[in-house]
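Student: I'd like to ask you about the structure that follows.
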Amino acid sequence: NDKQNYTPLLLAAQKGNVKVIEILVEILREYRSFESELFAIDIFGQNLLHNACFNENNEVLATVIAELEKNPESLETMLKKKNVYGLSPLLLATRNGNEAVFNILVMTLKVHNLFESEMNVEDEYCQNVLHCASFNYNEDVLVAIISELKETPELLKTMLKKKNVNGLSPLLLATRYGNEAVIKILT
6 NDKQNYTPLL LAAQKGNVKV IEILVEILRE YRSFESELFA IDIFGQNLLH
56 NACFNENNEV LATVIAELEK NPESLETMLK KKNVYGLSPL LLATRNGNEA
106 VFNILVMTLK VHNLFESEMN VEDEYCQNVL HCASFNYNED VLVAIISELK
156 ETPELLKTML KKKNVNGLSP LLLATRYGNE AVIKILT
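Count along the sequence shown from 1, then add 5; that gives the number in our numbering.
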């Protein structure tokens, strides 16, 4: 552990190194310390899934989820965990704008019957996934979110109207920051 509480596994996930993750998992399983490493949290309250959502390598997230699927309850707990900023792995992936990572998380949430509840999660500023995508110019992720939410039109409607702590809906947030592409998608 370093001063930010990064274990080798957390760091490998954040840096996007699949080979190192696979080697570490094998070693940790051999020495029966995988479970403790699995639940390691850095100083930002981020678990293995959070760290896997940081990079552009969606293979990292797929590898981490495949390992966690061996213990579905642990995976579900980690999917719902918020960091110190109120960001779940899904909100973090949305903010980072990686559509492939977002899609992997959505598929996993659906398999574990967590889709609706996690799509509706808010960060510390009362912002949902639509706010996160609107603010950060993540048009591809925004289109993916809306496409997923079309299956639950009432939830989509509610989320589009949701105001953050500054009283801004996702559309007003995009307007404030002059994001014309997002404005077109949301209207």
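Note that CB positions come from ideal geometry on N, CA and C, so glycine has one too.
Nothing here was measured: the structure is a model prediction, and the numbers come from that model.
Considering only the beta carbon of each residue, do leucine 80 and histidine 136 sit closer than 7 angstroms?
Tutor: no
Student: Measuring CB atoms only, is the region 168–178 touching the region 110–122, in the sense that at least three cross pairs come out at less than 8 angstroms?
Tutor: No, the region 168–178 is not in contact with the region 110–122.
Student: Give the straight-line distance between the Cα atoms of leucine 96 and phenylalanine 44, rounded to the nearest whole angstrom.
Tutor: C-alpha separation (whole angstroms): 19 angstroms.
Student: Kindly indicate which three-state DSSP category glutamine 132 falls into: helix, strand or coil?
Tutor: coil
Student: Residues in its own chain within less than 6 angstroms of tyrosine 11 by CB, not counting five upstream and five downstream?
Tutor: Asp47
Student: Along the alpha helix (DSSP H) that carries serine 41, what are the first and last residues, could you check?
Tutor: 39–43
Student: Quick check on the DSSP output: what are the complete alpha helix (DSSP H) runs of length 4 or more inside the region 59–101, in order along the chain?
Tutor: 63–73, 77–85 and 94–101
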